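First the structure, in the form of structure tokens, and then the observations on it.
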Amino acid sequence: MRAVQVTEFGGPEVLTPVELPDPVPGAGEVLIEVDRIGVNYADTHQAENSYLAPSKLPLVPGGEVTGRTPDGKRVVALLNGAGYAERAVANAGGLFEIPEGVDDLTALSFIVQGATAWLLLRKSAHLEAGESVVVHAAAGGVGSIAVQLAKVWGAGRVIATASSEEKRELALELGADVAIDSRSEDMTAALREANGGKRVDIVLDMTGGKTTDQSIAALAPFGRLAFYGMASRELPKEIDLRNLLGHSSTVAGMWLPHALSLPGNVYGRAMTELFELAVAGKIRAVAGGEYGLSEARKAHEALRSRGTVGKLLLDPSR
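Everything in the sequence shown is counted per the working numbering, starting at 3 for the first residue and increasing by one.
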């Protein structure tokens, strides 16, 4: 089968199209004939071995696919890697049947990025009606869904940040009340101004570095920052427990795989609700571009350039 493999760690240049044997499902696993592959920012970290879970060479990246099971069901699957291929193996517990009326783009937007947005707002930040919500990278895969969910769930004011006028217009179209430049030198002041001079209640942040530090400084008493990535590859410098105590602030980290072990089928609940909202027309996926499997390097280059919006896909047929 055709696949993309990494044999040395690095940037997009290490993604190499290869021919590999078909995967063989083990106990409790299902073979999937892949229709589309989702590309996530975490894939870029996996390729350079900077992800939370260490990578081992050689590897086939990719954590999500849509496709058909041997019994003909159309599914979206969360994988333990090896998704950049024509066929993939998934644990049966990571399969979700795709409802009628939901396309591959939407299903793949939900399985990682939509579930992340759902968990950030529900479990990490505990959004309450009327609260202000800041969504950094609001035109991206997680951000574009988080903006919509926050509005659906009754946020009082949704403040989007993005790096271009086009992205900010998209965030407003998705329901944000205001959109500001993510390159603002003083993000603390920019967020407070966007919130009518008041401090903000919730920040969803996957940037890291100065953006995180200045966002924490913008939090209201009992405000929460949910941290789920570090696209800048820069660590925040100003997180200090004394400052959190002094301002009654909360900083919550969130790594999606942990949700799979939560009791009560939390991941399944997230997927069910996201699908229901999509079918009802209350939230939608944003297309970020589709590449052939052989063009995986271009997809990673686009993602790392921070110039993309929404969800990027790979087509394994080309």
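Every residue, glycine too, gets a C-beta built ideally from N, C-alpha and C.
These numbers come from a predicted model, not from an experiment.
- According to the DSSP assignment, residue 293 belongs to no alpha helix (DSSP H) but to the beta strand (DSSP E) extending over 289 to 294.
- In the pairwise beta carbon analysis, the region 90 to 98 is classified as touching the region 59 to 77: at least three pairs are separated by under 8 angstroms.
- Within the region 127 to 205, complete alpha helix (DSSP H) segments of at least 4 residues are found at 143 to 154, 167 to 175, 189 to 196, given in chain order.
- Cβ-Cβ separation between residue 59 and residue 8: approximately 7 angstroms, consistent with a contact (criterion under 8 angstroms).
- When DSSP reads this structure, residue 92 sits in a beta bridge with 32.
- Nearest to residue 117 by alpha-carbon distance, out of 209, 260, 290, 295, is 260.
- Going by DSSP, residue 7 is part of the beta strand (DSSP E) stretching over 4 to 7.
- Judged by DSSP in its simplified three-state form, residue 72 adopts coil rather than helix or strand.
- Excluding the 5 residues flanking it on each side, residue 255 has same chain C-beta neighbours closer than 7 angstroms at 229, in chain order.
- Per DSSP, reduced to three states, the secondary structure at residue 236 is coil, with no helix or strand assignment.
- Non-local C-beta neighbours of residue 179 in its own chain, meaning closer than 8 angstroms and more than five positions away in sequence, comprise 159, 160, 161, ordered along the chain.
- Using a 10 angstroms sphere on the CB of residue 224, the tally of other CB atoms stays under 16, which defines it as exposed.
- Residue 164 has its alpha-carbon roughly 22 angstroms from the corresponding atom of residue 107.
- Scanning 142, 38, 56, 139 for the CA closest to the CA of residue 109 turns up 38.
- In the DSSP annotation of this structure, the continuous segment of the alpha helix (DSSP H) that includes residue 270 starts and ends at 268 to 281.
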